[in-house]
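Undergrad: If you're matching them up, the sequences are chains P, L and U in order. Using my numbering, read the first sequence as starting at 915 and increasing by one per residue. Using my numbering, read the second sequence as starting at 915 and increasing by one per residue. Using my numbering, read the third sequence as starting at 915 and increasing by one per residue. Where is the CB? At the ideal position from N, CA and C, for every residue including glycine. What you are looking at is a predicted structure, and each value in this text was computed from that prediction instead of being measured. The structure under discussion is supplied below as C-alpha cells; questions concerning it will follow.
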Amino acid sequence: MVRRIPGQSTALLESSLAHTLKEIAEFLGGEVHGDDQVLIRGINSLADAGEGEISFYADRRYEEKLRETRASALLVARITDAFRGPQVVVARPALAHVKVAQLFASPHSRFPGISEKAIVHASSVIGQNPSIFPLVFVGEKAHIGDDVILYPGVFVGDGARIGNRTILFPNVTVMPGCLIGNEVLIHAGTVIGSDGFGFVREGPRNVKVPQLGIVQIDDQVEIGANNCIDRASMGKTWIKRGVKTDNLVHIAHSVVIGENTLIAAQTAVGGSAYIGRGVVIGGQVAISDHIRIEDGAMIGSQSGVAKSLGPGEIVSGSPAIPHRLWLRTSGIMPRLPEFNERLRKVEKKIEKLAARSINTETE
Amino acid sequence: MVRRIPGQSTALLESSLAHTLKEIAEFLGGEVHGDDQVLIRGINSLADAGEGEISFYADRRYEEKLRETRASALLVARITDAFRGPQVVVARPALAHVKVAQLFASPHSRFPGISEKAIVHASSVIGQNPSIFPLVFVGEKAHIGDDVILYPGVFVGDGARIGNRTILFPNVTVMPGCLIGNEVLIHAGTVIGSDGFGFVREGPRNVKVPQLGIVQIDDQVEIGANNCIDRASMGKTWIKRGVKTDNLVHIAHSVVIGENTLIAAQTAVGGSAYIGRGVVIGGQVAISDHIRIEDGAMIGSQSGVAKSLGPGEIVSGSPAIPHRLWLRTSGIMPRLPEFNERLRKVEKKIEKLAARSINTETE
Amino acid sequence: MVRRIPGQSTALLESSLAHTLKEIAEFLGGEVHGDDQVLIRGINSLADAGEGEISFYADRRYEEKLRETRASALLVARITDAFRGPQVVVARPALAHVKVAQLFASPHSRFPGISEKAIVHASSVIGQNPSIFPLVFVGEKAHIGDDVILYPGVFVGDGARIGNRTILFPNVTVMPGCLIGNEVLIHAGTVIGSDGFGFVREGPRNVKVPQLGIVQIDDQVEIGANNCIDRASMGKTWIKRGVKTDNLVHIAHSVVIGENTLIAAQTAVGGSAYIGRGVVIGGQVAISDHIRIEDGAMIGSQSGVAKSLGPGEIVSGSPAIPHRLWLRTSGIMPRLPEFNERLRKVEKKIEKLAARSINTETE
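Written out as C-alpha cells, the structure is:
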C-alpha cells in the first residue's frame, strides 16, 4: 500500500512523473513548435513556472507575465513571439492546461481498507476497495459504495447512502437518510441534511416544523467547504448531476438545483426555490423562497433575487434588475448628489421664468 | 436498545406507525368530513403525498396542486370541493400539519449510554440516560444534563454545561465555560464560544484583546448548522429562550438576543449589539456593532442596519430605511437613467425658454 | 500536569490570581491616584465589574455606565470626577486594558504530550512539548512544531507543517501540504487548503481544474471560526504575518493578503485577488477576482469591490465608490420618490411656460 501526498504542488514535492513535450502534445492532440524532447515534470502559472515546468497562455491580461515567464514550454492557441521556448498549439489552452494538470495531480491519500479506529455499524454495507480512515463514523444500515474515501471526522448517519468513487473530506457530516451519488466530492466541514428552518407561530413562540425529508445529491456534484444543505421538510432537497458549489453556500429545505449549475461562495438559496440547468450564480447572492430561476440564467454577485427569472435572463443588483440596466443605474448612482443640485437649479430657474413670464404678460 | 432512523422521510422508510383519520382528528381537536376510518401512515406535501398519506391545504398558492394531489386525506380550514377524499377541518391547518408531522417523525438516533470510544474526562458530571456517541470529547469539570444526545465529533470544553434533553449534532464545538440550556438543538458544524474579533492597534500591529467572557444559550433555542457564536470579551454573549437561527449565522462577542427572535441564514450581528424579543431578521443581514434593535422589529434580507431601530420598526436596504420607502425607492432605482435623460431635456428647454424670454423682453 | 480552564470569565471562576493596584500600575507604566493597595482579582466592563475588579474608561459612549460602575478601580487617560475609587492614569486605557486582561486570562487547556487516542502517522515529526488531544489526526510526513496545541477533531493532512506555539482549535481541517507559521491561532471548524473553485466549460459540463497549489499562513496570523481558505490552483494562497480574520470568511485560491490586514465576518475574497498591508475590510464584503487592493485601503461593510483600489482609498457601497460620496449618495437614495415628483412638476411647469411663451409670442 503506497500512500501519496495528494493535491501537492509539484514545486514542493519531487514528483517521479515526467513526460516529453511530444508525449504531452500527443495526449492533447496538439502540435509542437520547437524542441519536442524537452522533459516536463510539472505545470505552473506563467509567473511561478520554472525549469521543467509547462505553462499556458490563454488570456491577454497575462501578456506581461508571458514575456517574463521562465517556463520550459507553453500551451498556446497560436504561436507567440513573446516566448522563446517550445510551444504546443492546441484549440483551447485553458482546457488543455486542465488536462495536463490532471496528468500531474497526485491522487488523493487513501487508507488501506477500513480503519480499526473508525466506528462502522455492523448493519452498514461497505463496497469494494474502501478507504475509511480512523475517526470516521458510519451509522446503522448506511450504504457505502465502491472506492469511496471517507476522511477522519466524517459522519455518515443511519440509512445514508454514499455512491461509488465519492470522497468526503475531513469533518463532513451527512445526516441520516441522505443520498449521495457517484463521483461526488464534498469538501471539509460541509453539512448535508441539517434540519430546514421552518417554524409556525403559536402566540409568541415558534413551533418547530419537523423536517421529515432528505437531501439527494446526484452524480459528479462537487460541494465546497463549510456548506449547509438542509433536508426537505417533506420529500427531498435535490442537487442534480454536475452541480458545483463554492465555499460557505447555504441551500435551504426542498430546493431543487438543475444539472451543471454553478454557485459561487456565500450564496443562499431560499426554501423550495427551483433552479434550472446551467445557471451561473455569483457570490453572496440571496435567492428568495419559492421562486423559479430557469435554465441558463446568470445572476451577478451580491444580487438579491426575489422574483422568478426566465431562461437565460441576466440580472444584477438588490433587488435584481436586468444586468445591463443595473450597469447603467449603478453608474449613475454616484451622481445622485449632482442630480439633486441640478434639480434645485432647474426649479429656481423655472420660478424666475414664471415670474418673468407673468411680468411680461402683465406689462 | 432499539435505535431508530431519525428524521427519515416516511416515503422512504416503512413506518410501523399508523393512525385512523378519526384518531388524528381527535388528537387535533378537529372534525372529519368523509370516511374517518382511513388508515394514515404518514404526512407529505400536496405534490408528493400518495396512498396512506395525509396532506394539508393552507395557502392559495397551492390550489393547483390541491386539485392534483393523491393524498388519502386532507387537513383544511374549511371543506373544499377540489378534493374528493376525507377532510379534517381544523382552525389552523399549518399548525395542525406540524402536530401531525411530530406524530410521524422518527425520534433522533440514540447511543445506549456513554460510548467507550468517547473521551469523557473523569471530573465531568454526566446526567441520567445519556447518549454519548463514539468520538465525542467532554472536557474537565463539564456538566452534561439528563437525556442529552452528543453525536460523533462533538467537543464540549472544560467547565461547559449542557442542559437536559439538549442535542448537539455531529462536529459541534462548545468551547470552555459556555452554558447551554435545556431542550436546545445545535446543528452540525456549529461553533459556540470562539474568540470575539477584538484587536487594539499598537503601531502597525493588531494586539489581541483577550476574550474572557462566555456564551450563554437559554432553553429551547435552536441554532442552525455551521453558525459561529463568539464568547464575550467580558461577561457573556447571551442567546435567550426560544431564539432560532438558520445556517451560517455569525453572532459577535457580547451580543444579546431576546426571546423568540428569528434570524435567517448568513446574517451577521456585530459586537455588543442588543436585539430584543420577537424580532424577525432576514438572510444576509448585517447589524452593526453596539446598536439596539427593539422588540418586534423586522429586517428585510440583505439589509445593512447601522442605526438602532425602535419597537416594531420594519426596515430594508443597505443602509436600511423604512420598508415601505425602500419598496418605492428600489422600484424607482432602475429609472435613474431615464431621470438623467428627463433632467437633461428639462435643462435644455429651460435654456431655450430663458433665451426666448430674453428675446421677448428685448423685442 | 495541571490543566487550567481556558478563556474562562473571572466572574465565573475563582481565580487564584490577585495583584495590588500598585503592581498593576507598575506593570503598565501608569500612575495611581487613590488607594494603591486595593487588591484586584479580575477585569471587567464598566457595566459588569464588581468588588475586586478593575475596569477602564476610554470611550465617551460609556459615560453613563462610568457613573454607575461598581468596579474597585479604573484605568483612565485622565482623572475623572465621575468615579470615586482609585484610578490608574495611562496613555491609552484601551491598550492598557488589553495588557491587564492578558494578565488575568487563563492559559489554554493543554494535553500532556501526545494522546494514545490521537492518530499520529509514524513518519510525522512532532516538536517539543506537544499537546495533542485525543481524536486528532496527523498524516504522513506532517511536521508539528514546538509547544503546539491540537484540539480534538483537528485534521492535519499529509506533508502539512504547523509552526511553533500555534493552536488549532477543535474540528479544524488543514489539508495536505499546507504550511502554517508560528504563533498562529485557527479557530474551530475552519478549513485550510480546500480546493479552489475552478472549472472550464466543455459543452454543458464543467471540468474541474486540478488545484495543485497550497496555502501558506505566516506567523502571528489569527483565523476565525468556520473560515474557508482555498489552496492555490498553482503556487500558493498566501496569508502574511499578523493578518486577522473574523468568522465565516472565504478566501479563494491564489489570493495574497498583506501583513496586519483585518477582515471582518462573512467577507469573500475572489480568486487571485491581491490585498496589501494594513488593509481594513468590513463584514460581508465581496472582493472580485484578480483585482488589487493596495496598502492601507479601507472597505465598508457589505461593499462590492470590483475594481482595484489605490493605497489608502476608502470605499463603500455595491458597487463600491469613495466612502464620502457613498454617504451622500445613500443619504439621498430615500429621496428618489420625491425627486420623481419634483421632476414631474418641473416638466409640467415647463410645458405651461412653453405654451404661455408661445401664446405671448403669438399674441
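According to the Cβ coordinates, are I1063 (chain P) and V1088 (chain P) closer than 7 Å?
TA: In this structure, V1088 (chain P) does not lie closer than 7 Å to I1063 (chain P) by Cβ.
Undergrad: Suppose only complete runs of 3+ residues qualify. What are the beta strand (DSSP E) ranges in the stretch 1097 to 1177 of chain P, listed by chain order?
TA: 1105 to 1108, 1113 to 1116, 1119 to 1122, 1128 to 1131, 1142 to 1144 and 1150 to 1153
Undergrad: Is the beta carbon of Y976 (chain P) less than 7 Å from the beta carbon of L988 (chain P)?
TA: no
Undergrad: Comparing alpha-carbon positions, which option in P:N1043, P:N1120, P:G1059 and P:I1137 lies nearest V1086 (chain P)?
TA: The candidate whose alpha carbon is nearest that of V1086 (chain P) is P:I1137.
Undergrad: Buried or exposed: V1039 (chain U), going by 16 or more other Cβ atoms within 10 Å of its Cβ?
TA: exposed
Undergrad: According to DSSP, which residues form a beta bridge with V1070 (chain U)?
TA: DSSP, once it has assigned bridges, lists U:V1052 and U:V1088 as partnering V1070 (chain U).
Undergrad: Would you say D1203 (chain U) and A1179 (chain U) are within 7 Å of each other, going by their C-beta atoms?
TA: no
Undergrad: Expressed to the nearest angstrom, what Euclidean distance is found between the alpha-carbon atoms of K1031 (chain U) and V1070 (chain U)?
TA: 15 Å
Undergrad: For a contact meaning CB atoms closer than 8 Å, what does K1154 (chain L) contact in chain U?
TA: Result: empty, since nearest Cβ-Cβ is about 17 Å, beyond 8 Å.
Undergrad: Whose CA, out of U:F1051, U:V1169, U:V1098 and U:G966, lies closest to the CA of P1084 (chain P)?
TA: U:F1051
Undergrad: Using only the alpha-carbon positions, how far apart do L1250 (chain U) and T1243 (chain L) sit?
TA: 6 Å
Undergrad: Going along chain P, which residues have a C-beta under 7 Å from N1120 (chain U)?
TA: G1156, K1158, N1174 and L1176
Undergrad: Give me the residue from P:Q1042, P:S959 and P:M1212 with the minimum Cα distance to P1026 (chain P).
TA: P:Q1042
Undergrad: I want to see whether chain A comes within less than 7 Å of L1162 (chain P), judged by CB atoms only; does it?
TA: The structure shown has no chain A; the protein chains it does contain are P, L and U.
Undergrad: Run through DSSP, which three-state label would G1027 (chain U) get?
TA: Looking at G1027 (chain U) - three-state DSSP - the assignment turns out to be strand.
Undergrad: Let me see if you follow: with CB-CB separation under 7 Å, is R1242 (chain P) close to chain L or not?
TA: yes
Undergrad: Name, going along the chain, the residues of the stretch 1093 to 1117 of chain U whose beta-carbon falls closer than 7 Å to a beta-carbon of chain P.
TA: G1103, V1105, S1108, D1109, F1111, F1113, V1114 and E1116
Undergrad: Can a CB atom of chain L be found closer than 7 Å to the CB of Q1232 (chain P)?
TA: According to the sequence provided, residue 1232 (chain P) is Ser. The question's Gln does not apply to it. Yes, its Cβ sits closer than 7 Å to a Cβ of chain L.
Undergrad: State the DSSP-derived secondary structure class of L1241 (chain U), mapped to helix, strand or coil.
TA: helix
Undergrad: Within the 7 Å Cβ cut-off, does D1072 (chain P) reach chain L?
TA: Cβ-Cβ to chain L under 7 Å: yes for D1072 (chain P).
Undergrad: Would you verify that the beta carbon of E1087 (chain U) is, or is not, closer than 7 Å to some beta carbon of chain P?
TA: The question names Glu, but residue 1087 (chain U) is Thr in the sequence shown. Output row for T1087 (chain U): interface = yes.
Undergrad: Using a threshold of 7 Å, state whether the C-beta atoms of Q1216 (chain P) and A1200 (chain U) are closer than that.
TA: Against a cut-off of 7 Å, the Cβ pair of A1200 (chain U) and Q1216 (chain P) comes out as a contact.
Undergrad: Using 8 Å as the threshold, is the stretch 978 to 992 of chain L in touch with the stretch 936 to 956 of chain L, meaning 3 or more CB pairs across them?
TA: yes
Undergrad: Whole-angstrom Cβ separation of I1213 (chain U) and A1234 (chain U), contact assumed at under 8 Å?
TA: 7 Å
Undergrad: If you compare alpha carbons, which of P:M1247, P:V1183 and P:L1257 is closest to S1222 (chain P)?
TA: P:V1183
Undergrad: Would you kindly report the start and end of the unbroken beta strand (DSSP E) that includes I968 (chain P)?
TA: E967 to F970
Undergrad: Answer yes or no: does any C-beta atom of chain U fall closer than 7 Å to that of I1272 (chain L)?
TA: It does not: the Cβ of I1272 (chain L) has no partner Cβ on chain U nearer than 7 Å.
Undergrad: Per DSSP, T934 (chain L) forms a beta bridge with which residues?
TA: L:L953
Undergrad: Can you give me the Cβ contacts of G1226 (chain U) inside the same chain, cut-off strictly under 7 Å, excluding the 5 residues immediately before and after it?
TA: G1210 and A1211
Undergrad: Based on Cα-Cα distance, which residue from L:L1049, L:I1081, L:F1047 and L:P1066 lies nearest to G1059 (chain L)?
TA: Ranking L:L1049, L:I1081, L:F1047 and L:P1066 by Cα distance to G1059 (chain L) puts L:I1081 first.
Undergrad: Give the C-beta separation of P1090 (chain P) and D1109 (chain P) to the nearest angstrom, bearing in mind that I take them to be a contact with Cβ-Cβ under 8 Å.
TA: The pair is not a contact, with the Cβ atoms about 11 Å apart (cut-off 8 Å).
Undergrad: Please tell me whether A1074 (chain P) and A1056 (chain P) are closer than 7 Å, where the distance is taken between their beta carbons.
TA: yes
Undergrad: To the nearest whole angstrom, what separates the beta carbons of L1099 (chain P) and C1142 (chain U), a pair I think is in contact under 8 Å?
TA: Not confirmed; about 14 Å, so no contact.
Undergrad: So L988 (chain L) is in the beta strand (DSSP E); what residue range does that whole segment cover?
TA: Boundaries of the beta strand (DSSP E) harbouring L988 (chain L): A987 to V990, taken from the DSSP string.
Undergrad: Whose C-beta lies closer than 7 Å to the C-beta of D1132 (chain U) among residues of the same chain, with five residues either side of it excluded?
TA: G1095, I1153, K1154 and R1155
Undergrad: According to a CB-to-CB cut-off of less than 8 Å, which residues of the stretch 1179 to 1210 of chain P neighbour chain L?
TA: Q1180, A1182, G1184, Q1198, A1200, S1202 and H1204
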